[in-house]
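Below is one structure, written out as structure tokens, with a few remarks after it.
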Amino acid sequence: MIAGLCLIIGLAGLWCLGAALVRILATVSQRWRGEPLTLTRCEYLGAGLALGLGLGSWLLMVWCLAGGTLGRVISLLLAGVGGALLFAVRRNSTVSFPPLRPVSTSTFWYQIAVGLIFCGTFVLAILKPQHLWDERAIFGIKSVVIFNEGTICSPLLRDPDFVQGHPRYPLLVPLAEANVYELLGEVNDRFSKVVFPLMFLALQLNFAGVLKRHTDEESAWLYTLLLATVPSLFPWEYSFSSGQADAPLACFHGLSVLYLWDFLRQAPLSPPSSLLGRGEGRHGLTPRGALSLLFAGLFGGLAAFTKDEGLAFLLVDVAVFSVLVLVRFPLQFRTGLLSIACYLFAVILILMPWLWHRRSLPTTNEMSYFSRMSAENLAAGLQTLNWSSRHLLSRMFRESSVWGLHWWGVLLAAVTYPRRVLTRPQLLLLADMAGAVAGLLTAGMLAPLAVEDHLGGSSHRFLLQLVPTAVLFIAGQWMPTGVEEQAQ
0 MIAGLCLIIG LAGLWCLGAA LVRILATVSQ RWRGEPLTLT RCEYLGAGLA
50 LGLGLGSWLL MVWCLAGGTL GRVISLLLAG VGGALLFAVR RNSTVSFPPL
100 RPVSTSTFWY QIAVGLIFCG TFVLAILKPQ HLWDERAIFG IKSVVIFNEG
150 TICSPLLRDP DFVQGHPRYP LLVPLAEANV YELLGEVNDR FSKVVFPLMF
200 LALQLNFAGV LKRHTDEESA WLYTLLLATV PSLFPWEYSF SSGQADAPLA
250 CFHGLSVLYL WDFLRQAPLS PPSSLLGRGE GRHGLTPRGA LSLLFAGLFG
300 GLAAFTKDEG LAFLLVDVAV FSVLVLVRFP LQFRTGLLSI ACYLFAVILI
350 LMPWLWHRRS LPTTNEMSYF SRMSAENLAA GLQTLNWSSR HLLSRMFRES
400 SVWGLHWWGV LLAAVTYPRR VLTRPQLLLL ADMAGAVAGL LTAGMLAPLA
450 VEDHLGGSSH RFLLQLVPTA VLFIAGQWMP TGVEEQAQ
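Letter by letter, the sequence shown follows residues 0 to 487 of numbering that gives the first Met the number 0.
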């Protein structure tokens, strides 16, 4: 009874911590420009939940690196800080929310369906113990060590044999599970997975909340339901009901891309003022734009802190976004640079502690693709493209009955509205997916394994990570648009 109460308090406190950060960032962005800023309630709740779960692990890592020891007291203290911080900032925050209005019958049933799918994910997660290889051998074993040792600096986590040859894997998932163990006071691999359905909920709420600012509420919830019903997100065994890192990566990477897309769809500039909000004659970022970039950077950093693929996704997104935003502001070059800097600031803030700690961890048989990158290796790996490209296309289109119809939806959406494909927000999504697929094919060329073993056993999980981007592309093509489309 006490353990269950501690778990509820701990998770609620993390949600409060994230919600407080959302209010703080929104208030700072608003006061920086002296302009009003409105958040949808779904976005506020979803971003708060996702940030709370991700930053909870990040703060526990920073605490360990500072010499602290983890335990139930620390976990409850973190929750208490989150609750107190939210109480304090609510009194001083000037962020507003749209007035509540009755929803249509169809919107109501869309929301009910999304809620039922979340409940199903939650029940399935706690019914199944950890049983997949990666969730036990890579993530689960580390969470148990962190719980028993009270730190991420344990010698066991530096033993390549003990951690199955992956001592350098990011620690967001093990720390999230260890936090659950601390709150429960024991190792319970069923309840360690409660954080993953909550990430699923955060993704859905954020998706609906952001789309509501660009289209009508009914369409926003329709595409949110489309995202929730993709089979690879639920009920597939590697979905949000498992302890794998693939679904959390889909959550954080999807949210990062969602906010970059959101930024590119917004009215680009504030009314005439200086770049930093002083003087006359120039333009600067809107409060909404600055907030979207900060969210995109935070979620992008958390994606890289979740799984190594998140860092590859991040490199693609930084490159593509930088090009698109500088093209978007040809006459306000400084504003474009400020946009990129705002995004990168949040990314670096999240990644610096982890990359610093990662340098001290031993290098083992983990596939170091960058060190193997050479003209000779690429030329030798060209022969793998014949098999890997056919295999990937088969996964995406021929096996759609297993993984979902969203890849067919991407093709159909592109064909039906070809001019929208060429808008900057949609180009961002296409480039993100194309860059990720190109990275996977390149990894198959460079890996010291047979491509059938390397990609054949991981391509389905890789494609899961791109599901939110694919559904967002479909929504961007087909949803009724608002006035903000003229900013593209």
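Where is the CB? At the ideal position from N, CA and C, for every residue including glycine.
From a predicted model like this one, the values you see are computed outputs, not experimental measurements.
Helix, strand or coil for residue 95? Go by DSSP, reduced to three states.
Counting from 1 along the sequence shown, the entry for residue 95 is found at position 96. Three-state DSSP puts residue 95 in a strand.
Taking the runs of the beta strand (DSSP E) that are 3 residues or longer, which of them lie wholly in the stretch 378–439?
Those beta strand (DSSP E) runs which fall completely within the stretch 378–439 and span 3+ residues do not exist here.
Buried/exposed call for residue 28, threshold 16 Cβ in 10 Å
Counting from 1 along the sequence shown, the entry for residue 28 is found at position 29. Buried.
Assign residue 351 to buried or exposed, taking buried as 16 or more other Cβ atoms, counted over all protein chains shown, within 10 Å of its Cβ.
Position 352 of the sequence shown, counting from 1, holds the residue named residue 351. With fewer than 16 other Cβ atoms within 10 Å, it is exposed.
Taking all protein chains shown into account, decide if residue 332 is buried (16 or more other Cβ within 10 angstroms of its Cβ) or exposed.
By one-based count along the sequence shown, residue 332 stands at place 333. Exposed: under 16 other Cβ atoms inside 10 Å.
Separation of residue 158 from residue 360, as counted between CA atoms
Along the sequence shown, read from residue 1 onward, the residue named residue 360 stands at position 361. Along the sequence shown, read from residue 1 onward, the residue named residue 158 stands at position 159. Residue 360 and residue 158: Cα-Cα distance of roughly 9 Å.
Quick check on residue 104: does DSSP put it in helix, strand or coil?
The count along the sequence shown starts at 1 and reaches residue 104 at position 105. In the structure shown, residue 104 adopts helical secondary structure according to DSSP, grouped into three states.
So which of 82, 147, 320 has the shortest CA-CA distance to residue 262?
Taking the first residue of the sequence shown as position 1, residue 262 is located at position 263. Ranking 82, 147, 320 by Cα distance to residue 262 puts 320 first.
Residues near residue 430 by beta carbon distance below 6 Å, same chain, minus five either side
Counting from 1 along the sequence shown, the entry for residue 430 is found at position 431. Within the same chain, residue 430 has close Cβ partners 319.
If we require 3 or more residues per run, which beta strand (DSSP E) segments fall completely within the stretch 34–84?
If we require 3 residues or more, the stretch 34–84 turns out to have no beta strand (DSSP E) run fully inside it.
Mapping DSSP to helix, strand and coil, what is residue 482?
Indexing the sequence shown from 1 puts residue 482 at position 483. Note on residue 482: pLDDT 41, under 50, position unreliable in the model; the coordinate value appears next. Of the three classes helix, strand and coil, the one that applies to residue 482 here is helix, per DSSP.
Between which residues of its own chain and residue 291 is the CB-CB distance below 6 Å, once the five residues before and five after are set aside?
Against the sequence shown, residue 291 aligns to sequence position 292. Within the same chain, residue 291 has close Cβ partners 258, 261, 262.
Nearest-angstrom Cα separation, counted from residue 5 out to residue 482
For the purposes of this step, residue 482 is taken as residue 483 along the sequence shown, with counting starting at 1. For the purposes of this step, residue 5 is taken as residue 6 along the sequence shown, with counting starting at 1. With a pLDDT of only 41 at residue 482, under the threshold of 50, the placement of this residue in the model should not be trusted, and no figure is reported.
Under 8 Å by Cβ, that's how I've got residue 479 and residue 215 pegged, so tell me the actual separation to the nearest angstrom.
Reading the sequence shown from its first residue, position 480 is the one you call residue 479. Reading the sequence shown from its first residue, position 216 is the one you call residue 215. Indeed they touch by this definition, with Cβ atoms about 6 Å apart.
Close beta carbons around residue 467, own chain, < 8 Å, minus the five adjacent residues each side:
As a first step, residue 467 must be located in the sequence shown, where it is residue number 468. Correct list, in chain order: 202, 206, 226, 249, 250, 252, 253, 254, 256, 257.
How long is the line joining the alpha carbons of residue 303 and residue 310, rounded to whole angstroms?
What you label residue 303 is simply residue 304 of the sequence shown in a count that begins at 1. What you label residue 310 is simply residue 311 of the sequence shown in a count that begins at 1. Cα to Cα, the separation comes out at about 4 Å.
So residue 22 and residue 90 are in contact, right, with Cβ under 8 Å, and what is the actual spacing, rounded?
If you number the sequence shown from 1, residue 22 lands on position 23. If you number the sequence shown from 1, residue 90 lands on position 91. Not a contact, Cβ separation roughly 10 Å.
Flag this pair as touching only if the stretch 414–432 and the stretch 453–462 have three or more C-beta atom pairs under 8 Å; answer yes or no.
At 8 Å Cβ cutoff, the stretches do not touch.
Quick check: what's the CA-CA separation for residue 170 versus residue 73?
Here residue 170 refers to the residue found at position 171 of the sequence shown. Here residue 73 refers to the residue found at position 74 of the sequence shown. Looking at the two C-alpha atoms, the distance is approximately 18 Å.
Spatial neighbours of residue 20 within its chain, please: CB distance less than 6 Å, with the 5 preceding and 5 following residues excluded, ordered by chain position.
Counting from one through the sequence shown, the residue named residue 20 turns up at place 21. Result list for residue 20: 50, in chain order.
By how many angstroms is the C-alpha of residue 209 removed from the C-alpha of residue 239?
Within the sequence shown, the letter at position 240 stands for residue 239. Within the sequence shown, the letter at position 210 stands for residue 209. Answer to the nearest angstrom: the Cα atoms are 21 Å apart.
Are the stretch 174–193 and the stretch 110–130 touching by the rule of at least three beta carbon pairs closer than 8 Å?
A contact exists between the stretch 174–193 and the stretch 110–130.
Element boundaries [alpha helix (DSSP H), containing residue 223]:
Residue mapping note: residue 223 aligns to position 224 of the sequence shown, counting from 1. Where residue 223 is concerned, the enclosing alpha helix (DSSP H) stretches over 216–227.
For the alpha helix (DSSP H) containing residue 153, name the first residue and the last one.
Numbered from 1 along the sequence shown, position 154 holds the residue referred to as residue 153. Where residue 153 is concerned, there is no enclosing alpha helix (DSSP H), given that its DSSP letter is neither H nor E.
Given 8 Å as the limit, is there contact between the stretch 136–156 and the stretch 54–72, that is, 3 or more CB pairs closer than that?
Segments in contact, yes.
Counting beta carbon pairs with one atom in the stretch 138–150 and one in the stretch 164–184, are three or more of them shorter than 8 Å?
The stretch 164–184 makes contact with the stretch 138–150, as at least three CB pairs between them are under 8 Å.
Assess contact between the stretch 341–349 and the stretch 293–301, defined as three or more Cβ pairs (one per stretch) separated by less than 8 Å. Is contact present?
Counting Cβ pairs under 8 Å, three or more are found: they touch.
Does the Cβ of residue 502 have 16 or more other Cβ atoms within 10 Å, making it buried, or fewer, making it exposed?
There is no way to answer for residue 502, as the model of the chain reaches only from 0 to 487.
Looking only at its own chain, which residues have a Cβ that is under 8 Å from the Cβ of residue 233, when we skip the five neighbours before and after it?
As a working mapping, residue 233 is identified with position 234 in the sequence shown. The beta carbon of residue 233 sits closer than 8 Å to the beta carbons of 116, 119, 120, 123, 199, 227, 239, 240 from its chain, once the five residues preceding and following it are set aside; these are given in chain order.
If contacts are defined as beta-carbon pairs under 8 Å, then residue 162 and residue 179 qualify, I think. What distance do you get, rounded to the angstrom?
Looking up residue 162 in the sequence shown gives position 163. Looking up residue 179 in the sequence shown gives position 180. Residue 162 to residue 179, Cβ: 20 Å. No contact.
DSSP state of residue 32 mapped onto helix, strand, coil:
Within the sequence shown, the letter at position 33 stands for residue 32. In the three-state reduction of the DSSP assignment, residue 32 falls in the helix class, which pools H, G and I.
Residue 242 versus 306, 181, 293, residue with shortest Cα-Cα distance
As a working note, residue 242 is residue 243 in the sequence shown. For the residues 306, 181, 293, the minimum Cα distance to residue 242 belongs to 306.
Are the beta-carbon atoms of residue 39 and residue 211 separated by less than 8 Å?
Working through the sequence shown from its first residue, we reach residue 39 at position 40. Working through the sequence shown from its first residue, we reach residue 211 at position 212. In this structure, residue 211 lies closer than 8 Å to residue 39 by Cβ.
Does the distance from the C-beta atom of residue 18 to that of residue 53 stay below 8 Å?
What you label residue 18 is simply residue 19 of the sequence shown in a count that begins at 1. What you label residue 53 is simply residue 54 of the sequence shown in a count that begins at 1. By the CB criterion at 8 Å, residue 18 and residue 53 fall outside the cutoff.
From residue 281 to residue 455, what distance separates their C-alpha atoms?
The residue you call residue 281 lines up with position 282 of the sequence shown. The residue you call residue 455 lines up with position 456 of the sequence shown. Any reading at residue 281 must be qualified, since the residue scores a pLDDT of 42, below 50, and its modelled position is unreliable; the value itself is stated next. For residue 281 and residue 455, the gap between their C-alpha atoms comes out near 53 Å.
Straight-line CA distance for residue 289 to residue 388?
Position 290 of the sequence shown holds residue 289. Position 389 of the sequence shown holds residue 388. If I take the Cα positions, the gap works out to 39 Å.
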